[in-house]
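Trainee:
Residue numbers (our numbering): 73 to 383.
See below:
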């Protein structure tokens with residue numbers, strides 16, 4: 073089986089480090105994973121054999137469950153991690169860990185891998201009657217102050233109102249009498265100018281995700297979350313060629329397949345683009361965490377067990 077080494081994204085579909093870390097290691101030891109194509113529903117197979125993986129980009133709100141597996145991962149893969157810490161109210165993020173616990177987790181990762189390993193994500197920025205501008209700025213400054221000297225980069229974005237997000241927002245507006253505000257470009261620029269100045273004071277560079285107009289601000293550059301320079305640095309082997317993979321309008325990420333399933337993250341964030349609703353995701357997660365994902369039992373076509381690395 074011929075496989076060009078790929079960058080694997082784990083994952084923008086669901087929080088695998090937080091909820092499925094044991095499953096992930098099991099699939100790594102098996103040597104592949106499978107998930108449904110979101111359009112056709114047909115199975116997509118991805119090799120996880122170390123020789124087929126250029127690097128792994130983790131995405132999570134809680135890396136702590138993955139800590140017990142880091143020695144194994146380090147022995148077999150190169151990787152870096154995006155960690156979201158934004159500290160929004162429980163009304164908007166039902167099941168997220170505490171801000172302070174994840175700050176401590178970031179510090180541990182920074183001590184282990186260096187200050188460029190964790191890409192702090194302060195996103196999405198949501199303006200509402202419970203998260204006004206001064207709330208956003210105060211949360212950012214608190215987190216940035218704790219992460220000084222532990223991270224170098226922070227990725228920012230404003231909430232993207234997909235149809236499923238709008239439906240969830242409407243439900244919360246009716247239930248909790250919250251009013252969401254959609255900022256103009258001028259308001260976005262005003263907020264990010266303040267945040268950028270704070271970040272610069274703590275030695276943190278801002279990266280604007282899918283909002284290129286924010287890069288006109290000092291200390292803000294256009295984001296490439298799956299980043300060619302960072303992959304080159306952690307692997308020590310420059311990518312000879314790569315293509316872009318726009319996960320949404322304005323995305324500049326290089327190509328990296330996401331593993332895992334949509335509608336399976338139980339964090340309960342009402343703005344999540346990967347879940348139809350927090351309730352559906354919670355129901356699915358309970359089942360998947362106990363029994364695995366529905367396509368796990370499928371055999372990878374052309375797989376030669378004799379060539380698999382034995383762990």
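Cβ coordinates follow ideal geometry from the N, Cα and C atoms, glycine included.
On a predicted model such as this, the values are computed, not experimentally measured, just so you know.
Is residue 218 helix, strand or coil when you go by DSSP?
Mentor: helix
Trainee: For the 8 Å Cβ check, are there 3 or more pairs between the stretch 120 to 129 and the stretch 141 to 156?
Mentor: yes
Trainee: Please work out which residues of its chain come closer than 7 Å, Cβ to Cβ, to residue 182, disregarding the five sequence neighbours upstream and downstream, and give them in chain order.
Mentor: 189, 190, 222 and 223
Trainee: Is the beta carbon of residue 285 closer than 8 Å to that of residue 257?
Mentor: yes
Trainee: Just how far apart, CA to CA, sit residue 79 and residue 121?
Mentor: 12 Å
Trainee: Ordered along the chain, which non-local residues of its own chain (more than five positions away) have a Cβ less than 7 Å from that of residue 202?
Mentor: 161, 163 and 250
Trainee: Looking only at its chain, what residues have a beta carbon closer than 6 Å to the beta carbon of residue 215, apart from the 5 residues adjacent to it on each side?
Mentor: 157
Trainee: Helix, strand or coil: which one does DSSP assign to residue 237?
Mentor: helix
Trainee: Where residue 310 and residue 304 are concerned, what is the direct C-alpha to C-alpha distance, given to the nearest angstrom?
Mentor: 5 Å
Trainee: From residue 351 to residue 240, what does the alpha carbon distance come to, in whole angstroms?
Mentor: 11 Å
Trainee: Quick one: Cα of residue 82 to Cα of residue 288, how far?
Mentor: Going by the C-alpha atoms only, they are around 31 Å apart.
Trainee: If the criterion is Cβ atoms closer than 8 Å, does the pair residue 86 and residue 346 meet it?
Mentor: Contact flag set, yes.
Trainee: Exposed or buried, which one is residue 225 when buried takes at least 16 other CB atoms within 10 Å?
Mentor: Residue 225 is buried by the Cβ-count criterion.
Trainee: Thinking C-alpha only, which one of 252, 212 and 255 is nearest residue 272?
Mentor: Measuring from the Cα of residue 272, the nearest candidate turns out to be 212.
Trainee: Of the choices 90, 170 and 108, whose alpha-carbon is the least far from that of residue 141?
Mentor: 90
Trainee: For residue 118 and residue 372, what's the separation of their Cα atoms in angstroms?
Mentor: 8 Å
Trainee: Please give me, in chain order, every unbroken run of the alpha helix (DSSP H) with length at least 4 that falls completely inside the stretch 123 to 158.
Mentor: 142 to 148
Trainee: May I ask you to report which of helix, strand or coil DSSP gives residue 309?
Mentor: coil
Trainee: With a floor of 4 residues, list each alpha helix (DSSP H) that falls wholly inside the stretch 295 to 368, ordered by position along the chain.
Mentor: 300 to 307 and 350 to 363
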